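Student: For the sequence shown, position 6 matches number 30 in the numbering used here, and the numbering has no gaps at all. Ideal Cβ positions, reconstructed from N, Cα and C, are used throughout, including at glycine. These numbers were taken from a predicted model, which means no experiment stands behind them.
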Amino acid sequence: MKYLLILATLLVTGCATTNVPIANEVKKQLPDHSLTTTDRESPSFVAMTSTKGMLGAVGAVAAISEGNDLVENDNIEDPSNRIANTLAQKLAKQYGMTLVGQANEPTDSDDLAVIAKSLSGSAYAIDVQTTGWQFIYDGFNFSDYLVMYTAEMQLIDIAQAKAVAVGHCVYNSKDDNGTVSYEALVENNSAYIKEQLAAASEKCSSEFSQKVLSL
25 MKYLLILATL LVTGCATTNV PIANEVKKQL PDHSLTTTDR ESPSFVAMTS
75 TKGMLGAVGA VAAISEGNDL VENDNIEDPS NRIANTLAQK LAKQYGMTLV
125 GQANEPTDSD DLAVIAKSLS GSAYAIDVQT TGWQFIYDGF NFSDYLVMYT
175 AEMQLIDIAQ AKAVAVGHCV YNSKDDNGTV SYEALVENNS AYIKEQLAAA
225 SEKCSSEFSQ KVLSL
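#1: Taking S58 as the reference, which of I150, T131, N43 has the closest Cα?
#2: Less than 8 Å between the CB atoms is what I'm expecting for T62 and Y206, so what's the real figure, rounded?
#3: Looking at the structure shown, is L170 part of a helix, part of a strand, or coil, going by DSSP?
#4: At what residues does the alpha helix (DSSP H) containing G80 begin and finish?
#5: Are the CB atoms of V152 and I182 nearer to each other than 8 Å?
#6: Quick check: the Cα distance between I101 and N109, rounded to an integer number of angstroms?
#7: Would you kindly work out how many angstroms separate the C-alpha atoms of E176 and T75, rounded to a whole number?
#8: In terms of residues, what are the limits of the alpha helix (DSSP H) holding D199?
#9: From H192 to N105, what distance separates their C-alpha atoms?
#10: Look at P103 and S238 and say whether their C-beta atoms are less than 8 Å apart.
#11: Considering only residues of the same chain and omitting the five flanking positions on each side of A116, which have a CB-CB separation below 6 Å?
#12: How should T42 be labelled, buried or exposed, when 16 other C-beta atoms within 10 angstroms of its C-beta is the threshold for buried?
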């Protein structure tokens, strides 16, 4: 149980930081500039059942293995690209920017200089990274499950290799939809998981738009 709590904490830690909203000075510089989106590599999906939660590190490895198999076999989509595309379209429309398409190669780097170098054909980039996605049992209610998703977003000034706006988002399916059984999670090619990740995409897109990019 202790290991499970540590794992869950790590999955949401990236979203505990305060947002850094876009400044008015930056807004004035956006019109007539080009905008792209990064293509982030997806982290492992964690399928933490109650049985695996009791097995410590061994259970965590098994949870990651099962989660990655679910993603591949059931075609579960990482929400990060959907969020990034939504934000890019809204930002471009509001400020008269030119969308130039997504980065050609996926990246797992957090070094802004590295990211900026790979996007040198654009002036700005929307970077959305999934920092955690999983299903997990609800505390000591071993038959009840929820879906969690966390993401980070930044608007990058490519020339300066600098983040000019930063946001963090957490989604917990229990907040709006309660919990479900394991069977309900994975039936119909993990339809429930896909529904909750779509809801996470909408929530994070809305939060990033309003609280970070002032859209």
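Tutor: In short, the structure shows the following:
#1: Reading the sequence shown from its first residue, position 34 is the one you call residue 58. Cα-wise, what sits closest to S58 is I150.
#2: Residue 62 sits at position 38 when you count from the first residue of the sequence shown. Residue 206 sits at position 182 when you count from the first residue of the sequence shown. In fact, because the Cβ distance is near 34 Å, the residues do not count as touching under 8 Å.
#3: By 1-based counting over the sequence shown, the position of residue 170 is 146. L170: strand per DSSP, three-state reduction.
#4: For the purposes of this step, residue 80 is taken as residue 56 along the sequence shown, with counting starting at 1. Start and end: 80-97.
#5: Start at 1 with the first residue of the sequence shown, and residue 152 comes out as number 128. Start at 1 with the first residue of the sequence shown, and residue 182 comes out as number 158. Not in contact: V152 and I182 (Cβ atoms no closer than 8 Å).
#6: Here residue 101 is taken as the residue at index 77 of the sequence shown, counted from 1. Here residue 109 is taken as the residue at index 85 of the sequence shown, counted from 1. A quick correction: the sequence has Glu, not Ile, at residue 101. Rounded to the nearest angstrom, the two C-alpha atoms are 14 Å apart.
#7: Translated into positions along the sequence shown, residue 176 becomes position 152. Translated into positions along the sequence shown, residue 75 becomes position 51. Rounded to whole angstroms, E176 to T75 spans 30 Å at the Cα level.
#8: As a position in the sequence shown, residue 199 is number 175, starting the count at 1. 197-201 is the extent of the alpha helix (DSSP H) around D199.
#9: Indexing the sequence shown from 1 puts residue 192 at position 168. Indexing the sequence shown from 1 puts residue 105 at position 81. Distance between the alpha carbons of H192 and N105 is about 15 Å.
#10: Indexing the sequence shown from 1 puts residue 103 at position 79. Indexing the sequence shown from 1 puts residue 238 at position 214. Not in contact: P103 and S238 (Cβ atoms no closer than 8 Å).
#11: Locating residue 116 in the sequence shown gives position 92, counting from the first residue. So the qualifying residues of the chain are L59, L123.
#12: Taking the sequence shown and counting its residues from 1, the one referred to as residue 42 is at position 18. Classification of T42: exposed, given that the 10 Å Cβ count is below 16.
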